[in-house]
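Residue numbers (our numbering): 5 to 224.
1) When the Cα atoms are used, what is the spatial distance from residue 26 to residue 41?
2) For residue 47, I'd like the list of residues in its chain whose CB is within less than 6 Å of its CB, leaving aside the five on either flank, ordered along the chain.
3) Could you check the C-alpha separation between residue 53 and residue 149 for me, to the nearest Å?
4) For a quick check, are the C-beta atoms of residue 30 and residue 136 less than 8 Å apart?
5) Mind checking which residues open and close the alpha helix (DSSP H) that includes residue 40?
6) Give the DSSP-derived three-state secondary structure of residue 100 in the structure shown.
7) Going by the DSSP bridge assignment, what does residue 71 pair with across the sheet?
8) Where does residue 113 fall in DSSP's three states?
9) If residue 120 and residue 88 are in contact, beta carbons under 8 Å, what's the gap, nearest whole angstrom?
10) Rounded to a whole number of angstroms, what is the C-alpha to C-alpha distance between residue 151 and residue 190?
11) Note down the Cα distance separating residue 123 from residue 83, rounded to an integer number of angstroms.
12) Can you name, in chain order, every residue of its own chain whose Cβ lies under 8 Å from the Cβ of residue 211, other than the five neighbours on each side?
13) So what does residue 124 bridge to, in DSSP terms?
14) Between which two residues does the alpha helix (DSSP H) carrying residue 145 extend?
15) Taking the Cβ atom as the reference point for each residue, do residue 116 and residue 90 lie within a distance shorter than 8 Å?
16) Can you list, in chain order, the residues of its chain whose CB lies under 6 Å from that of residue 49, leaving out five sequence neighbours each side?
17) Grab the span of the beta strand (DSSP E) containing residue 86 for me, first residue to last.
18) Rounded to whole angstroms, what is the Cα-Cα separation between residue 24 and residue 98?
19) Please name the residue or residues paired with residue 194 in a DSSP beta bridge.
20) Tell me the rounded alpha-carbon separation between residue 44 and residue 110.
21) By DSSP, does residue 59 sit in helix, in strand, or in coil?
22) Count the other CB atoms within 10 Å of the CB of residue 126; is the residue buried (16 or more) or exposed (fewer)?
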């Protein structure tokens, strides 16, 4: 009984305390973020991997409003992809976004691209107070006045470019999955060969032991 209780508490603690953090203020979040925008989720990819072969989720957003760039050209759609590690339901710090839902996203640059997690102010737009949006607009004005060059982010202005990027990402992701599978199968083959060698050695040793016993009996 104690074992099951201990296991239950371990699982609960893993999910509850795996990612402990304090949500920063609007001003600090604006200063530390490389991307802040309101966007609608148009694509979800749960088959991505980082450079350490850890699973990450890739969410592609259609940008509705941006707070660290100038206003976009009218009548054009802009897209960007946000990466996040496994969500808190798996004991991680990653955010999870629902398809076709709109969010306010605070992102930061990483080696694999712009990312976010549950320790940022990222949240559903419906849950965001208007005061926060007004504050971001004021901070945007001051930011653009002080910075001659805008934050360089990966935005695609045309839907055809967006589709082309998805095709390239899917191809690269397929190659990555094949490489991981290849390593996995090689490991299985090596382990199987090793086990067979051990079993063969044990079998030979066992037969040798039987023969020695028979010879010993014959001599007697």
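Every residue, glycine too, gets a C-beta built ideally from N, C-alpha and C.
On the basis of the data shown:
1) Within the chain shown, the letter at position 22 stands for residue 26. Within the chain shown, the letter at position 37 stands for residue 41. Taking the straight line from one Cα to the other gives about 21 Å.
2) Translated into the one-based positions of the chain shown, residue 47 becomes position 43. Here the set comprises 64.
3) By 1-based counting over the chain shown, the position of residue 53 is 49. By 1-based counting over the chain shown, the position of residue 149 is 145. In a straight line, the C-alpha of residue 53 is about 38 Å away from that of residue 149.
4) For the purposes of this step, residue 30 is taken as residue 26 along the chain shown, with counting starting at 1. For the purposes of this step, residue 136 is taken as residue 132 along the chain shown, with counting starting at 1. Against a cut-off of 8 Å, the Cβ pair of residue 136 and residue 30 comes out as a contact.
5) For the purposes of this step, residue 40 is taken as residue 36 along the chain shown, with counting starting at 1. Where residue 40 is concerned, there is no enclosing alpha helix (DSSP H), although the beta strand (DSSP E) it sits in stretches over 39-53.
6) Taking the chain shown and counting its residues from 1, one reaches residue 100 at position 96. Correct three-state label for residue 100: coil.
7) Indexing the chain shown from 1 puts residue 71 at position 67. Answer is none; residue 71 lacks a bridge partner.
8) By 1-based counting over the chain shown, the position of residue 113 is 109. The answer is strand: DSSP assigns residue 113 an E or B state.
9) One-based indexing of the chain shown puts residue 120 at position 116. One-based indexing of the chain shown puts residue 88 at position 84. Yes, residue 120 and residue 88 are in contact; Cβ-Cβ is about 6 Å, under 8 Å.
10) Here residue 151 is taken as the residue at index 147 of the chain shown, counted from 1. Here residue 190 is taken as the residue at index 186 of the chain shown, counted from 1. Straight-line Cα distance between these residues: approximately 52 Å.
11) Here residue 123 refers to the residue found at position 119 of the chain shown. Here residue 83 refers to the residue found at position 79 of the chain shown. Whole-angstrom Cα-Cα distance: 23 Å.
12) As a position in the chain shown, residue 211 is number 207, starting the count at 1. Answer for residue 211: no residue qualifies.
13) Taking the first residue of the chain shown as position 1, residue 124 is located at position 120. Answer is none; residue 124 lacks a bridge partner.
14) Taking the first residue of the chain shown as 1, we reach residue 145 at position 141. Counting along the chain, the alpha helix (DSSP H) containing residue 145 begins and ends at 134-150.
15) Taking the first residue of the chain shown as position 1, residue 116 is located at position 112. Taking the first residue of the chain shown as position 1, residue 90 is located at position 86. For residue 116 and residue 90, no; Cβs fall outside 8 Å.
16) Numbered from its first residue, the chain shown carries residue 49 at position 45. Closer than 6 Å at Cβ, skipping near neighbours: 62.
17) On the chain shown, residue 86 is found 82 positions in, with the first residue counted as 1. Where residue 86 is concerned, the enclosing beta strand (DSSP E) stretches over 83-89.
18) Your numbering for residue 24 matches position 20 in the chain shown. Your numbering for residue 98 matches position 94 in the chain shown. Roughly 12 Å between the two C-alpha positions.
19) Start at 1 with the first residue of the chain shown, and residue 194 comes out as number 190. The partner list for residue 194 (beta bridge, DSSP) is empty, contrary to what the question assumes.
20) On the chain shown, residue 44 is found 40 positions in, with the first residue counted as 1. On the chain shown, residue 110 is found 106 positions in, with the first residue counted as 1. Roughly 14 Å between the two C-alpha positions.
21) The sequence position of residue 59 within the chain shown is 55, counting from 1. In the structure shown, residue 59 sits in a strand (DSSP, three-state: E or B).
22) The residue labelled residue 126 in the question sits at position 122 within the chain shown. Flag for residue 126 reads buried.
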